[in-house]
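Here the structure is laid out as structure tokens; the discussion comes afterwards.
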């Protein structure tokens, strides 16, 4: 299994809603990542988990809350988002952070905040 | 973050070669990558090159690295309509951080 899966594929939410994005991989990777991507722009790193511990938080607002319940799962909890948070949210994983290993990306969740 | 620049658009005829260019600023880059993103999809790794290599060939893809000029290119031979996508270069730099380029939108004209 060489896939990173993300659910849901699309999400529409209001500014007062609470929702979660989910990411799963079964490749035995120990590093997992959340990226935000606006249309026609490169992905911007949000969070990095290494061995289930948060190792990088790129100054992301607290309305985004990551969680890594185990080595295969990564969640992104959303609360009180703003319309400018609408974007494609990409999850990625790699064997670990310390070697060359490339990042494998999921298909993304397209989020629209009304 | 580091500056990784690409030209925004490239248009080629089917069957021709495409060359997508990328410049970066961090001389401590260890690995450089090319990713392809089709509309509405995630990023697909195409190929990568270690910073002590000058060239890597993988079927229709040729990667050239000029470390002195911090210039990376991706050549796609015999470009097909299915190659139309956005191409991102990325570098793995100090602290094992990934930095993506600005992306090049490739359009293949039948």
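Chains as they are written, first to last, in this note's numbering: chain B, 1 to 114; chain D, 115 to 224.
Glycine included, every Cβ here is placed at the ideal spot set by N, Cα and C.
Cβ-heavy atom distance, residue i to the ligand GTP, below 8 angstroms
| i | result |
| --- | --- |
| residue 142 (chain D) | Absence of the ligand GTP from the depicted structure is noted, as is the absence of any ligand whatsoever, leaving it without description. |
C-beta atoms of residue i and residue j nearer than 9 angstroms
| i | j | result |
| --- | --- | --- |
| residue 179 (chain D) | residue 190 (chain D) | no |
| residue 81 (chain B) | residue 63 (chain B) | yes |
| residue 118 (chain B) | residue 69 (chain B) | This structure leaves residue 118 (chain B) out entirely; chain B is present only between 1 and 114. |
| residue 181 (chain D) | residue 141 (chain D) | yes |
| residue 26 (chain B) | residue 104 (chain B) | no |
| residue 184 (chain D) | residue 221 (chain D) | no |
| residue 215 (chain D) | residue 119 (chain D) | yes |
| residue 159 (chain D) | residue 145 (chain D) | no |
For residue i, the three-state DSSP class (helix, strand or coil)
| i | result |
| --- | --- |
| residue 236 (chain D) | Shown here, chain D extends from 115 to 224; a query on residue 236 (chain D) therefore has no answer. |
| residue 84 (chain B) | helix |
| residue 218 (chain D) | strand |
| residue 117 (chain D) | coil |
| residue 197 (chain D) | helix |
| residue 70 (chain B) | strand |
| residue 124 (chain D) | strand |
| residue 15 (chain B) | coil |
| residue 169 (chain D) | strand |
| residue 53 (chain B) | strand |
| residue 10 (chain B) | strand |
| residue 60 (chain B) | coil |
| residue 112 (chain B) | strand |
From the options, residue whose alpha carbon lies closest to that of residue i
| i | options | result |
| --- | --- | --- |
| residue 134 (chain D) | D:175, D:158 and D:157 | D:175 |
| residue 12 (chain B) | B:44, B:79, B:57 and B:47 | B:79 |
| residue 195 (chain D) | D:168, D:169 and D:224 | D:224 |
Beta-carbon neighbours of residue i, restricted to chain D and to distances below 7 angstroms
| i | result |
| --- | --- |
| residue 28 (chain B) | By Cβ distance, chain D contributes nothing, its closest Cβ being about 18 angstroms from residue 28 (chain B), past 7 angstroms. |
| residue 102 (chain B) | 147, 159 and 162 |
9 angstroms Cβ cut-off: residues of chain B touching residue i
| i | result |
| --- | --- |
| residue 139 (chain D) | Those within 9 angstroms of residue 139 (chain D) in chain B number zero; the least Cβ separation is about 15 angstroms. |
Where residue i meets chain D, residues with beta-carbon distance less than 8 angstroms
| i | result |
| --- | --- |
| residue 64 (chain B) | By Cβ distance, chain D contributes nothing, its closest Cβ being about 19 angstroms from residue 64 (chain B), past 8 angstroms. |
Within chain B, the residues that residue i reaches when beta carbons sit closer than 7 angstroms
| i | result |
| --- | --- |
| residue 214 (chain D) | 42 and 43 |
| residue 186 (chain D) | None at all; the shortest Cβ gap to chain B is about 15 angstroms. |
Determine, using beta-carbon pairs with one atom in the region 124-133 of chain D and one in the region 95-114 of chain B, whether at least three such pairs fall under 8 angstroms.
-> no
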